[in-house]
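Okay, so here's the structure we're looking at.
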């Protein structure tokens, strides 16, 4: 029971982290009035969020390996709450931008820390599924920002809504401080025992983690699966559907709801398959990338707007990429020692968000150059995804071969290794 309480509290912290992450997005029009900002300025908040989140992954991973998940979750909650509190009362645009960056820092500390709790508190056979459930349940935070937060924003006003979000963050920090433990072994409560190291030794340790082919396999797996749905959901999906495809706002809402449901269902399936067939994880990653590329190819090849049913199929397929990216974290866990797991997970997490940032920026440049949110402009802009899929698929194939070689896996020993991993999972 204690394991479930620890994990559940960590998941709650992640849920509130997602609430903080998405709160500014749902209050965009109110933010435009409050800060007298145009669309280009407001869109920079999304880019800033991704830049800060991605840039903090390796520092957050290094800190996680030093102090353990409990301190990281508590700190992340406090940092995000402080950023939201500033947003609640400031009317200065530069200060609001800085506060959003602070929220991004706290957000970066949370997810990989909650993931770190899972292998410490649960049997190996449960880790893949619970890792998927961590990501899935975290999306409840998006619902909280879209319903109660938005209702409070339009009812009681900006300061009340963001003040309430900040207060929720403080409550979660207290809950995590009381209920979360790094490990069932009280002797490691303060985190992994490590001697103080110099900056050069820390950099060398980061290099060692990256040098492991299994880490790079996780990085490219995360890169190729996660970015398409992230770009679609965070920035260009709604403009594309409304301006280029000409669908109504009700259909857009149904498509976004379908995306969430698809992620939940596919996440459970991917988690079960990952735990049951650990030697086939890379094939699942490649299949997700290929299906994403195929569906986008079908939609973009049409001379005009796609039928609504095809857009639903597109959203269902690309939404699998979110849960699929968690396979990258599973690679980090498999091929790195526990003392370096936080650093490895941080490196993996960079993959998808770096790709998302580059694609979002490239698409924006193409749309500007081709005259705005037109069908033809979006048709060309979405093609930038294929460069990422090419790089990611190549990286997966190369890293997979090196990972198998370093692990001593050959075609003749494939069956024996698979059976041994299944036996360990049981």
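Residue numbers (this note's numbering): -4 to 421.
For every residue, glycine included, the Cβ atom is placed at its ideal position computed from N, Cα and C.
- Around residue 352, the same chain offers 45 as residues with beta carbons nearer than 6 angstroms, after the five sequence neighbours per side are excluded.
- Counting along the chain, residue 153 sits inside the alpha helix (DSSP H) bounded by residues 153 to 174.
- Between the region 96 to 104 and the region 302 to 316 there are fewer than three C-beta pairs closer than 8 angstroms, too few to call the two in contact.
- Distance from the CA of residue 216 to the CA of residue 383, rounded to the nearest whole angstrom, comes to 11 angstroms.
- In the structure shown, residue 389 adopts helical secondary structure according to DSSP, grouped into three states.
- Contact between residue 228 and residue 254 is confirmed by a C-beta separation of about 7 angstroms, below the 8 angstroms threshold.
- The continuous alpha helix (DSSP H) containing residue 64 extends over residues 64 to 84.
- The three-state reading of DSSP puts residue 60 in helix, counting H, G and I together.
- When the beta-carbon positions are compared, residue 265 and residue 127 come within less than 8 angstroms of each other.
- Burial is judged here by how many other beta carbons sit within 10 angstroms of a residue's own beta carbon; residue 123 has at least 16 and is buried.
- Here the alpha carbon of residue 30 sits roughly 6 angstroms from the alpha carbon of residue 86.
- Just so you know, the alpha carbons of residue 324 and residue 142 end up roughly 31 angstroms apart.
- Per DSSP, reduced to three states, the secondary structure at residue 331 is coil, with no helix or strand assignment.
- Taken in chain order, the whole alpha helix (DSSP H) runs of length 4 or more contained in the region 249 to 296 are 276 to 296.
- When DSSP states are grouped into helix, strand and coil, residue 228 belongs to the helix group.
- Here residue 293 is actually not in contact with residue 53; their C-beta atoms are around 37 angstroms apart, not less than 8 angstroms.
- Minimum Cα-Cα distance from residue 270 among the listed residues 125, 391 and 22 corresponds to 125.
- Secondary structure note for residue 367: it is in no alpha helix (DSSP H), with a DSSP letter that is neither H nor E.
- When the five nearest sequence neighbours on each side are left out, the beta carbons in the same chain lying within less than 7 angstroms of the beta carbon of residue 75 are those of 12, 15, 98, 101, 102 and 164, in order along the chain.
- One thing to note: residue 250 has its Cβ no nearer than 8 angstroms to the Cβ of residue 391.
- Close CB contacts of residue 59 within its chain, under the 7 angstroms cut and outside five residues either way in sequence, are with 67, 107, 108, 111 and 337 (chain order).
- Scanning the region 83 to 143 from its first residue to its last, the whole alpha helix (DSSP H) runs of 4-plus residues come out as 88 to 116, 122 to 133 and 135 to 139.
- Burial check for residue 140: the Cβ neighbour count within 10 Å reaches 16 or more, so the residue is buried.
- Non-local C-beta neighbours of residue 23 in its own chain, meaning closer than 8 angstroms and more than five positions away in sequence, comprise 37, ordered along the chain.
- For the pair residue 393 and residue 386, the Cα-to-Cα distance works out to about 11 angstroms.
- Going by beta carbons, residue 224 and residue 359 fall outside the 8 angstroms limit.
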